[in-house]
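Just below is one structure, and these are the notes that go with it.
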Amino acid sequence: ENFPRKERSHPGGSATTFEPARTQDPPRPHPRRPPGRAPKRGACADRRAAALRRRRGHFRDLSAAPSGPRSSARARRSLFASTDQSPRILRSEPVRTAPIPEIALSPNNHEVHIYKKNGSQWVKAHELKEHNGHITGIDWAPKSDRIVTCGADRNAYVWSQKDGVWKPTLVILRINRAATFVKWSPLENKFAVGSGARLISVCYFESENDWWVCKHIKKPIRSTVLSLDWHPNNVLLAAGSCDFKCRIFSAYIKEVEERPAPTPWGSKMPFGELMFESSSSCGWVHGVCFSASGSRVAWVSHDSTMCLADADKKMAVATLASETLPLLALTFITENSLVAAGHDCFPVLFTYDSTTGTLSSGGRLDVPKQSSQRGLTARERFQNLDKKASSEGSMASGSGLDSLHKNSVSQISVLSGGKAECSQFCTTGMDGGMSIWDVKSLESALKDLKIK
Amino acid sequence: MARNTLSSRFRRVDIDEFDENKFVDEQEEAAAAAAEPGPDPGEVDGLLRQGDMLRAFHAALRNSPVNTKNQAVKERAQGVVLKVLTNFKSSEIEQAVQSLDRNGIDLLMKYIYKGFEKPTENSSAVLLQWHEKALAVGGLGSIIRVLTARKTV
Numbered sequence: 001e002n003f004p005r006k007e008r009s010h011p012g013g014s015a016t017t018f019e020p021a022r023t024q025d026p027p028r029p030h031p032r033r034p035p036g037r038a039p040k041r042g043a044c045a046d047r048r049a050a051a052l053r054r055r056r057g058h059f060r061d062l063s064a065a066p067s068g069p070r071s072s073a074r075a076r077r078s079l080f081a082s083t084d085q086s087p088r089i090l091r092s093e094p095v096r097t098a099p100i101p102e103i104a105l106s107p108n109n110h111e112v113h114i115y116k117k118n119g120s121q122w123v124k125a126h127e128l129k130e131h132n133g134h135i136t137g138i139d140w141a142p143k144s145d146r147i148v149t150c151g152a153d154r155n156a157y158v159w160s161q162k163d164g165v166w167k168p169t170l171v172i173l174r175i176n177r178a179a180t181f182v183k184w185s186p187l188e189n190k191f192a193v194g195s196g197a198r199l200i201s202v203c204y205f206e207s208e209n210d211w212w213v214c215k216h217i218k219k220p221i222r223s224t225v226l227s228l229d230w231h232p233n234n235v236l237l238a239a240g241s242c243d244f245k246c247r248i249f250s251a252y253i254k255e256v257e258e259r260p261a262p263t264p265w266g267s268k269m270p271f272g273e274l275m276f277e278s279s280s281s282c283g284w285v286h287g288v289c290f291s292a293s294g295s296r297v298a299w300v301s302h303d304s305t306m307c308l309a310d311a312d313k314k315m316a317v318a319t320l321a322s323e324t325l326p327l328l329a330l331t332f333i334t335e336n337s338l339v340a341a342g343h344d345c346f347p348v349l350f351t352y353d354s355t356t357g358t359l360s361s362g363g364r365l366d367v368p369k370q371s372s373q374r375g376l377t378a379r380e381r382f383q384n385l386d387k388k389a390s391s392e393g394s395m396a397s398g399s400g401l402d403s404l405h406k407n408s409v410s411q412i413s414v415l416s417g418g419k420a421e422c423s424q425f426c427t428t429g430m431d432g433g434m435s436i437w438d439v440k441s442l443e444s445a446l447k448d449l450k451i452k
Numbered sequence: 001m002a003r004n005t006l007s008s009r010f011r012r013v014d015i016d017e018f019d020e021n022k023f024v025d026e027q028e029e030a031a032a033a034a035a036e037p038g039p040d041p042g043e044v045d046g047l048l049r050q051g052d053m054l055r056a057f058h059a060a061l062r063n064s065p066v067n068t069k070n071q072a073v074k075e076r077a078q079g080v081v082l083k084v085l086t087n088f089k090s091s092e093i094e095q096a097v098q099s100l101d102r103n104g105i106d107l108l109m110k111y112i113y114k115g116f117e118k119p120t121e122n123s124s125a126v127l128l129q130w131h132e133k134a135l136a137v138g139g140l141g142s143i144i145r146v147l148t149a150r151k152t153v
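Those protein sequence lines, which keep their order, are chains A and B.
Under full-length UniProt numbering, the first residue of the first sequence is numbered 1, with each subsequent residue one higher.
Under full-length UniProt numbering, the first residue of the second sequence is numbered 1, with each subsequent residue one higher.
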C-alpha cells in the first residue's frame, strides 16, 4: 500500500460543487467592484451567529452554455462547479486591530485581498500580488502588523505596510515542494512554514544581513506537513502531517531568543528536537492546536477522530472517534473545550475532562432553523427521486445542507478572547463564506451546551 | 528501447521501489506469531450449533487479524465472521449491533466491507442489512475509518 503525498492544490473543476442557498440568482459581482451585500436568505434571518457572506473570485457565466435552461438547479450548480476561480476561501486571517477590523484572505488564487470594515460593509482595501502559485497559507501578526504568506510556488513573503502600501520581502525557504501552512510565533520574531517537501522551515530575521533566514526541521517527518501551531513559550511547535502523526518539535533559535524554561513536554530543547510524537493509529492529521497554557495539544485527523495529548498526564492521549465526516480544523476556546469543524460543514464543540482523561462531543453548534414542511408538488417529488433517490423534500428548497456553511469548513480562528476564554471565533469554508460565531450567544441559545 | 543494447527490459524496473525517499510503513508485527490471530472457528461453530447467536457473534469478532499480513489468516477469519452474520435472524441484528462498543462497530464495518468485496449468492443482502444497522450506530465516521485504516481486517 503506497500512500502518496497529499497535494494541497485544489484543481479547478474538482467535485466540490455546492448550491447557493438562495432561491433567486445572486447579482453577479463585477470583478473590480467589491461585492455588495449578499441577499439575505430566509433561513439566515434569525441565526444567532452573525454571518458575513462573501462571494469571492470571478464567476464564469455559464448561462450561455447549451446545457439546459438557466433556471434549473442543475445549471445553477454547474455555474459554480467548473470555474477554477470558484469562490472558496482556502485561507483567511481575520485581525481585529482597533479601530478598524481587517481581514486578509485569498480567494483560491495567487493573490491576497485585504478587506477593511467600513461601517457594516467590507470594502477591499488592498491586493497583494507577488506569488506565482496558489496561496496556501496566510498569517497576520497583530502586534507588529506584518503578514506572512506562503504559496504553491515554494516561496514565502513577509509583507509590511509602509505609507498605506504593503511591500513584500521574499523569504528563501529552500524547499523543493509547495509550502502548505504558515504561522507566526507568539512573539512574532519568527514563523514556521510547513511544506510538501516533508520539512518545516523556521524563519527568523537576521538584522546584520537584513533578510530572513530559515532553518529546517526534517527528521523524522516522512510526508507533507499539513498544519502547525506554536506553543505559548515561542519555542515549541506542533506539526500535523500526512504520515499520520502529530509531533511537537523544538524550534528554538538561539539568535533571537533566550533558552526556554523547562515545560511539561521536556526540558532540553535544542533546535529540531522531537519532544512528542503520537502513535500511528490516525489518518492524515489535518489540524493541530495547543491549548492556551500549552500543556495540551489536540489534533484532528482524516479517520474522523480527534485526539488530545495532555503533557500533565505524561503525554497520555485521549481519542474520540466520531460518527461524522472528518474534521479539518480545530481550536481551543477554553482550557477544556475545543471547537472543530470540517467536511460536515458545521462546528462542533468538544470537551476534555482531565480527571477521567476523556474527550467527549458537546454537540453541534450550528442549529438549523426548523423550516415548515410545505407540501411537495409532484414535479418536485420526481426531481428529488432523480437527484437524491428519496421522495421526501429537503429542508431548505434548493440546498441539500441545513448548515450555515454550504461546503467544508477549512479553517477556524479565534477572533477575540484568546484561546483561554474565546468570546468570538470565525470559520471560513470552501463555499467562500466566512462566519463569525459569538460564544456567549451560542451558550445562551443552545440550552444543553456546556462550555467548561 | 535503449540504443546500444536495443532492449526495452529496463522499462520493467519498478522505479518506485528504489526511491530512497519512499514512505515505508512501520507497522509493528504485534505478537502475531504468539497466538494464531483470527477467531477460533471451532468455538464459533459450537456456539452456532447451540443457537447462542450473540456469543458466537462476539467470539467471531474477537482476536481479529488486523495486525498480521498473512492473507490466509484473514480469509479464514472473514469466512468465520460471514458465516455468523448470515446465520443471524434479521430481527436480532439490531440487538447484536447495540451490544458492541465503538471499536467493535468499526471492526464489524471492516468485515462488512470486506464481505462486499467478494459477493456470493446471498451475502450482499445480508451484509446490507448489517450495514444499515451498523451505520445507524457508527455513523459515517465508522465508514471513514474503514476507508482510512491501514490495518485491514
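For every residue, glycine included, the Cβ atom is placed at its ideal position computed from N, Cα and C.
Chain A residues whose Cβ lies nearer than 7 Å to that of residue i
| i | result |
| --- | --- |
| Gly141 of chain B | Ser304, Ala321, Ser322, Glu323, Thr324 |
Coil, strand or helix - residue i by DSSP
| i | result |
| --- | --- |
| Ser67 of chain A | Confidence in Ser67 of chain A is poor, its pLDDT being 37 and thus under 50, which makes the residue's placement too unreliable to answer from. |
| Tyr204 of chain A | strand |
| Asp310 of chain A | strand |
| Lys162 of chain A | strand |
| His126 of chain A | strand |
| His113 of chain A | strand |
| Phe92 of chain B | Per the sequence shown, residue 92 of chain B should be read as Glu rather than Phe. If DSSP states are grouped into helix, strand and coil, Glu92 of chain B belongs with the helices. |
| Ala77 of chain B | helix |
| Glu277 of chain A | strand |
| Ala43 of chain A | Reliability of the predicted coordinates at Ala43 of chain A is poor, the pLDDT of 39 falling under 50, and the value obtained from them is presented with this limitation in mind. Three-state DSSP puts Ala43 of chain A in a helix. |
| Ser423 of chain A | coil |
| Tyr157 of chain A | strand |
| Leu54 of chain B | helix |
| Thr261 of chain A | It should be noted that the sequence gives Ala, not Thr, for residue 261 of chain A. Ala261 of chain A: coil per DSSP, three-state reduction. |
| Lys167 of chain A | strand |
| Glu255 of chain A | coil |
| Trp284 of chain A | coil |
| Val317 of chain A | strand |
| Leu128 of chain B | helix |
| Val235 of chain A | coil |
| Val148 of chain A | strand |
| Glu335 of chain A | coil |
| Ile103 of chain A | strand |
Buried/exposed call for residue i, threshold 16 Cβ in 10 Å
| i | result |
| --- | --- |
| Ser207 of chain A | exposed |
| Lys143 of chain A | exposed |
| Lys118 of chain B | exposed |
| Ala72 of chain B | exposed |
| Ala329 of chain A | buried |
| Asp106 of chain B | buried |
| Arg379 of chain A | exposed |
| Ala238 of chain A | buried |
| Leu47 of chain B | buried |
| Lys406 of chain A | buried |
| Ser8 of chain B | exposed |
| Ala54 of chain B | Looking at the sequence provided, one finds Leu at residue 54 of chain B rather than Ala. When all chains shown are included, Leu54 of chain B counts as exposed. |
6 Å CB neighbourhood of residue i in its chain, flanking five on each side removed
| i | result |
| --- | --- |
| Pro326 of chain A | His302, Ser304, Gly342, His343 |
| Cys214 of chain A | Leu173, Ser201, Cys203 |
| Glu126 of chain A | Note on residue identity: the sequence assigns His, not Glu, to residue 126 of chain A. Excluding sequence neighbours, His126 of chain A sits near Ile114, Trp166. |
| Val317 of chain A | Cys307, Ala309 |
| Val137 of chain B | Val97, Ile105 |
| Ser322 of chain A | Ser304 |
Cβ neighbours of residue i in the same chain (closer than 7 Å, five flanking residues each side left out)
| i | result |
| --- | --- |
| Phe10 of chain B | Ala2 |
| Glu335 of chain A | Ser291, Ala292, Ser293, Ala420 |
Chain B contact residues for residue i, given Cβ-Cβ distances below 7 Å
| i | result |
| --- | --- |
| Gly283 of chain A | Thr148 |
| Arg154 of chain A | Going along chain B, no residue has its Cβ under 7 Å from Arg154 of chain A, so there is no contact; the nearest lies around 17 Å. |
| Ser223 of chain A | Phe23 |
8 Å contact criterion, which residue i and residue j should meet: CB distance rounded
| i | j | result |
| --- | --- | --- |
| Ser295 of chain A | Met275 of chain A | Contact doesn't hold; Cβ gap of about 12 Å is too wide. |
| Val297 of chain A | Met306 of chain A | Their Cβ separation, rounded to whole angstroms, is 12 Å, which puts Val297 of chain A and Met306 of chain A out of contact at 8 Å. |
| Thr331 of chain A | Leu320 of chain A | Actually they are not in contact, since the Cβ atoms of Thr331 of chain A and Leu320 of chain A sit about 16 Å apart, beyond 8 Å. |
| Met434 of chain A | Cys426 of chain A | 6 Å |
| Ile100 of chain A | Lys117 of chain A | 6 Å |
| Leu442 of chain A | Leu365 of chain A | 6 Å |
| Gln424 of chain A | Ile412 of chain A | Actually they are not in contact, since the Cβ atoms of Gln424 of chain A and Ile412 of chain A sit about 11 Å apart, beyond 8 Å. |
Contacting residues, own chain, Cβ-Cβ under 8 Å from residue i (five flanking each side not counted)
| i | result |
| --- | --- |
| Thr169 of chain A | Tyr157, Val158, Trp159, Ser160, Trp211, Trp212 |
| Leu140 of chain B | none |
| Glu43 of chain B | Ala59 |
| Gln78 of chain B | Tyr111, Lys114, Gly115, Val153 |
beta-carbon residue i near the ligand MG non-hydrogen atom, thresh 6 Å
| i | result |
| --- | --- |
| Val148 of chain A | With respect to small molecules bound, the structure shown includes none, and the ligand MG cannot be examined in it. |
Neighbouring residues, chain B, relative to residue i (Cβ below 8 Å)
| i | result |
| --- | --- |
| Asp243 of chain A | Phe23 |
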